[in-house]
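Here the structure is laid out as structure tokens; the discussion comes afterwards.
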Amino acid sequence: MPSKILVATDLSIRSERALRRAAQLAVQHEAELTALCIIDEDLPVKLAHKVREDMVDELALHCEGLDHGHAIQRVEIAEVVQGILKVLEESGADLLVLGIHRHRPLWDLVYGTTMERILRVAQVPVLLVKTVPHAPYARILAGIDMSEACALSISEAHELSSEAAISAFHAVHVPYRGLVAPHGSAEALSPFLDEAERAMETWWESADLPAACEMPRAESAGRTELLMQKLNEVSPDLLAIGAHGRSSFTPTMLGSFTEQILRDPPCDVLVVRR
192 MPSKILVATD LSIRSERALR RAAQLAVQHE AELTALCIID EDLPVKLAHK VREDMVDELA
252 LHCEGLDHGH AIQRVEIAEV VQGILKVLEE SGADLLVLGI HRHRPLWDLV YGTTMERILR
312 VAQVPVLLVK TVPHAPYARI LAGIDMSEAC ALSISEAHEL SSEAAISAFH AVHVPYRGLV
372 APHGSAEALS PFLDEAERAM ETWWESADLP AACEMPRAES AGRTELLMQK LNEVSPDLLA
432 IGAHGRSSFT PTMLGSFTEQ ILRDPPCDVL VVRR
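Shown next, in the form of structure tokens:
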């Protein structure tokens with residue numbers, strides 16, 4: 192469970208949700224909470240310092256309304272990503288909380304979202320908050336890809352909310368499915384699914400997952416397709432993702448599936464990178 196939580200906020204409505212979720216988690220786990228505002232270092236010096244003075248007062252007002260009554264407040268002038276990472280290291284936080292970013296298609300295409308850029312180097316779990324928090328997380332959804340990052344993400348999500356139900360899914364890619372199983376018959380798909388389930392059983396025995404997480408059956412479907420199906424079935428309030436890049440063509444080292452979710456999150460998302 193987290194003992195020190197850092198939440199980065201620009202005091203927008205998007206970030207307000209992150210601030211409140213961070214406060215809820217800090218109270219739930221009796222954790223130290225640090226609230227951070229970053230002022231763009233590219234502003235003229237005098238303007239940046241004037242904005243900083245105003246931001247100090249505004250951040251204090253936002254923190255007064257939180258359930259957690261003793262948030263450490265910091266306002267820094269820096270490049271956004273570098274500033275967050277610097278304070279993350281200085282504070283010793285073991286959980287970073289962020290709000291969803293505003294869409295900037297060209298910038299995101301070239302440089303990646305702020306979340307992605309932070310995840311390239313962050314050594315702690317990162318929680319992306321989309322929804323207004325009303326209670327501890329109750330329903331966790333996790334995709335199984337049999338990686339270390341996947342197992343860690345489920346364990347970290349369970350520690351955030353130990354009473355939450357955990358649902359998992361495992362999508363199996365069937366190569367040349369149109370040829371080997373053109374009609375999607377169970378008989379044609381069975382060898383692929385049986386092999387996938389044997390591999391998952393072996394991995395499951397050594398993964399040390401929470402007891403609340405039951406091993407899912409392997410399903411022949413694309414990851415995105417199966418994710419959308421499970422989102423409708425489970426209605427999770429937290430999606431746990433293990434981020435890893437297995438391809439040298441993935442510049443952010445997160446994996447294309449993770450990038451896709453981060454740019455349009457269906458709910459709050461916890462990302463653990465390995």
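Each residue of the sequence shown is one higher than the one before, counting from 192 in this note's numbering.
All C-beta atoms in this analysis are idealised placements derived from N, C-alpha and C, irrespective of residue type, glycine included.
In whole angstroms, give me the CA-to-CA distance for Gly256 and Arg211.
Each residue's CA atom was taken as its position, placing Gly256 and Arg211 some 9 angstroms apart.
Indicate the three-state DSSP secondary structure (helix, strand or coil) for Val198 in the structure shown.
Looking at Val198 - three-state DSSP - the assignment turns out to be strand.
query: Looking only at its own chain, which residues have a Cβ that is under 6 angstroms from the Cβ of Ala146, when we skip the five neighbours before and after it?
result: Shown here, the chain extends from 192 to 465; a query on residue 146 therefore has no answer.
Could you check the C-alpha separation between Cys228 and Met246 for me, to the nearest Å?
Distance between the alpha carbons of Cys228 and Met246: 8 angstroms.
| said: By the three-class DSSP mapping on this structure, what secondary structure does Ile452 have? | reply: Of the three classes helix, strand and coil, the one that applies to Ile452 here is helix, per DSSP.
For this session: Have a look at the DSSP bridge pairing and note the partners of His361.
Result: Looking at the DSSP assignment, His361 forms a beta bridge with Ala409.
Nearest neighbour of Ile335, chosen from Glu347, Ile196 and Arg408 [CA to CA]: Taking only the C-alpha atoms, the option nearest Ile335 is Arg408.
- request: Could you tell me the distance, in whole angstroms, from the CA atom of Cys385 to the CA atom of Glu392?
  value: Note that residue 385 is Asp in the sequence shown here, rather than Cys. Rounded to whole angstroms, Asp385 to Glu392 spans 11 angstroms at the Cα level.
With distances taken Cα to Cα, identify the nearest neighbour of Arg464 among Gln451, Lys241, Glu339 and Arg414. The candidate whose alpha carbon is nearest that of Arg464 is Glu339.
- Query: Taking just the CA atoms, how far does Phe383 sit from Leu287?
  - Reply: If I take the Cα positions, the gap works out to 39 angstroms.
**Asked** What residues match up with Cys228 in a beta bridge as DSSP calls it?
**Response** BP columns for Cys228 point to Val266.
Below 8 angstroms between beta carbons: does that hold for Gln242 and Ile230? First, the amino acid is wrong: residue 242 is Val here, not Gln. Closer than 8 angstroms, so yes.
Are the CB atoms of Leu318 and Leu418 within a distance shorter than 8 angstroms? No, these two residues do not count as a Cβ contact at 8 angstroms.
Using DSSP with H/G/I as helix, E/B as strand and the rest coil, what is Asp459?
Strand at Asp459.
Compare the beta carbon distance of Ala362 and Ser344 with 8 angstroms and say whether it is the shorter of the two. With a cutoff of 8 angstroms on beta-carbon distance, Ala362 and Ser344 are scored as not near each other.
- Query: How is the beta strand (DSSP E) around Arg330 delimited, first residue to last?
  - Reply: Per DSSP, the continuous beta strand (DSSP E) segment holding Arg330 begins and ends at Arg330 to Gly334.
Exercise. Identify the continuous beta strand (DSSP E) that holds Gly256 and give its terminal residues.
Key: That residue, Gly256, is in no beta strand (DSSP E); it is neither H nor E in DSSP.
- Task: Report buried or exposed for Asp459, applying the criterion of at least 16 other Cβ atoms within 10 angstroms of its Cβ.
- Result: By the Cβ-count criterion, Asp459 is buried, with 16 or more other Cβ atoms from all chains shown falling within 10 Å of its own Cβ.
How far does the beta strand (DSSP E) with Ile432 in it reach, from first residue to last? Taken as a continuous stretch (DSSP letters only), the beta strand (DSSP E) holding Ile432 covers Leu429 to Ala434.
Who are the near neighbours of Ala199 in its chain, counting only those whose CB is closer than 6 angstroms to its CB and skipping five residues on each side? Contacts found: Leu227, Ile275 and Leu289.
Review point. What residue from Ala398, Pro427, Glu410 and Ser358 has the CA that sits closest to Cys404's CA?
Key: For the options Ala398, Pro427, Glu410 and Ser358, the alpha carbon positioned closest to that of Cys404 is the one of Ser358.
* Under 7 angstroms Cβ to Cβ from Cys254, same chain only, skipping five residues before and after it: list those, please. => Within its own chain, the residues whose Cβ lies closer than 7 angstroms to the Cβ of Cys254, once the five positions on either side in sequence are excluded, are Ala226, Ala262 and Gln264, listed in chain order.
*Grab me the residues of Glu221's own chain with a C-beta within less than 8 angstroms of its C-beta, minus the 5 sequence neighbours each way, in chain order.*
If the five residues before and after Glu221 are omitted, its C-beta is found closer than 8 angstroms to no C-beta atom of its own chain.
Run the CB neighbour count on Lys237, radius 10 Å, all protein chains shown included, and call it buried at 16 or more, exposed below. With a 10 Å radius around the Cβ and a threshold of 16 neighbouring Cβ atoms, Lys237 comes out exposed.
* CB-CB under 6 angstroms to Met337, same chain, minus the five flanking residues each way: which ones, in chain order? -> Apart from the 5 residues on each side of it in sequence, Met337 sits with its Cβ closer than 6 angstroms to the Cβ of Trp394 in its chain, given in chain order.
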